[in-house]
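What follows is a set of notes on a single structure, which appears directly below.
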Amino acid sequence: MQASILTSMDSKRLLKTFLDLVQIPSESGKEKPVTDYLVAKLKSLGLEVWVDDAGSKIGSNSGNIMGRLKGSLPGSIAFSSHQDTVVPGIGIKPQIADGIIRSDGTTILGADDKAGLACILEMFECIKDKPHPTIEVVFDICEEVGLRGAAQFDTSKLESKYSIILDVDGAPGRINIAAPYQDVCKIAIKGKPSHAGIAPDKGISAIEVASKAIASMKLGKIDDETTSNVGIISGGKATNIVPEECRIEMEARSRDEAKLNAQTKHMLDRFEEEAKKAGAAIEVSKERVFMGYKFSETDPLPSLVAQAAKDVGLKPQFVRSGGGSVSNIFNAKGLASVVVGVGFENPHSKDEFLRISDLEASANWVIRMVELVK
Ligand SMILES: [Zn+2]
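In this note's numbering, the protein residues as written are 1180 to 1553.
Written as structure tokens, this is what we have:
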């Protein structure tokens, strides 16, 4: 199969693009410098480019980039990576030793997600003068602060029905084909204050209500595709006051929507039942933070991505994830989407690193995906 590959990346150019990108600051909400770089680069590669107004709605100085390179071959495919990084992401000085790129230890590296951006740009460099299908890109903003740029992006502007998001740690070859639905709930229990020494029986302890509910709750790993967690609890004013209020924040996730509905209901029911028993009031807010998705390994998109991996000598690894990503949002908007690994390790830390060999393999993988589009 290897022989069928038309094109391979240029290591030097790819590495230079990556090193250029990480040195351009783009912490979430302040992506403008990297947006300018990417827009200029995409235009020089022959793409039509648009920047949307998402930034003004979500507090960023930039917007989501959409680009399109019209193809002479049939078919269309979209690639996506995010423009922003976590902090500390200003003044990144990449260092290379033994084929590994790291920061100087005072910042993140920003390979999350500039490895993805570099691979996509390299793919255009390699493919632009050859026959190719229509290729589109979405480079979103504010991904690291709750996928907010992607949530604003209008996927109906794309011609492509399929998209590949380059944005997960682990070796190239990794393909996330499923991710959970997620609910986040906030609960406020209102009891009744009273002097804890003189008249504790006249009070209703909101903390006690919360404790009983949580102690009887199914939490942690519920089954293969369902998890739940009480993450924040606060309340009370002093040791000598029966606490009037207790606030709880919790989440549940499942790759099966019915299971998630059941788990969320179970958690809320436990609070409601204990509040009722104690005579406390309760306020509940529930938000479906993102919708899940699930592909089978033989569906067209995972098949294409896996075949491309094999063709460039990578081992496809299908992962059913417990985390949410831009892919959840795109799938919910009707744009079929999987997330693939581009090799960065320890993201969101000063220990983040990227093997040059993984960057190169990822770029070849992306090029091959384009070649396989029909
Ligand atoms: Zn990322």
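For each residue, glycine too, the CB sits at the ideal point set by N, CA and C.
According to DSSP, simplified to helix, strand and coil, what is residue i?
| i | result |
| --- | --- |
| G1328 | helix |
| N1510 | helix |
| C1321 | coil |
| S1183 | In this prediction, S1183 scores a pLDDT of 48, lower than 50, which makes its location untrustworthy; the coordinate-derived value is nonetheless stated afterwards. Note: S1183 maps to helix in three-state DSSP. |
| Q1361 | strand |
| W1544 | helix |
| T1477 | coil |
| T1264 | strand |
| V1491 | coil |
| E1206 | strand |
| D1380 | helix |
| V1388 | helix |
| V1552 | coil |
| E1430 | strand |
| A1350 | coil |
| S1140 | Absent from the model: residue 1140. The displayed extent of the chain is 1180 to 1553, so no value can be given. |
| L1288 | coil |
| N1440 | helix |
Using C-beta distances below 6 Å, list every residue in its chain close to residue i, excluding the 5 sequence neighbours before and after it, in chain order.
| i | result |
| --- | --- |
| G1246 | L1221, L1226, V1228 and V1316 |
| D1292 | S1260, H1261 and D1346 |
| I1411 | E1428 |
| S1183 | Confidence is the limiting factor: at S1183 the pLDDT is only 48, short of 50, which leaves the residue's position unreliable, though a coordinate-based value still follows. So the list is empty, once near-sequence residues are dropped. |
| N1525 | E1531 |
| Y1341 | I1256, L1480 and A1515 |
| K1553 | G1254 |
| D1435 | E1404 |
| I1269 | P1204 |
| N1510 | Y1472 and S1516 |
| A1357 | R1434, K1473 and R1499 |
| D1231 | G1242 and N1243 |
| C1425 | I1368, A1385, I1386, A1389 and G1414 |
| V1266 | E1206 |
Apart from the five residues on each side of it in sequence, which residues of its chain come closer than 7 Å, Cβ to Cβ, to residue i?
| i | result |
| --- | --- |
| L1288 | V1201, I1271, P1273, I1280, R1281, S1282, E1531, F1532 and L1533 |
| W1544 | P1351, A1487, A1488, V1491 and L1493 |
| A1330 | I1508 |
| A1437 | none |
| S1373 | P1379, K1381, G1382 and V1421 |
| K1195 | none |
| M1180 | Unreliable positioning characterises M1180 in this predicted model, as indicated by a pLDDT of 39, which lies under 50. A coordinate reading is not provided. |
| L1398 | S1407, N1408 and V1409 |
For residue i, write down the residues that DSSP places opposite it in a beta bridge.
| i | result |
| --- | --- |
| Y1216 | Per DSSP, none; premise fails for Y1216. |
| A1276 | I1279 |
| C1425 | I1368 and G1414 |
| W1229 | M1245 |
| F1523 | BP columns for F1523 are empty, so no partner. |
| K1465 | C1364 |
| D1402 | T1405 |
| T1313 | S1255 |
| I1269 | Its beta-bridge partners do not exist; DSSP assigns none. |
| A1515 | Y1341 |
| A1460 | K1369 |
| Q1496 | R1353 |
| F1532 | R1281 and E1524 |
| I1420 | H1374 |
Give every residue of the same chain whose Cβ lies closer than 8 Å to the Cβ of residue i, excluding the five residues on either side of it in the sequence, and list them in chain order.
| i | result |
| --- | --- |
| V1505 | S1259, H1261, D1319, E1322, L1326, A1329, I1344, D1346, S1516 and V1518 |
| I1535 | S1190, L1194, I1275, G1278, I1279 and I1280 |
| S1528 | I1287 |
Checklist entry - For ligand 3, which residues count as neighbours when the test is a C-beta closer than 7 Å to any heavy atom? => result The ligand content of the structure shown is limited to ligand 1, which means ligand 3 is not among them.
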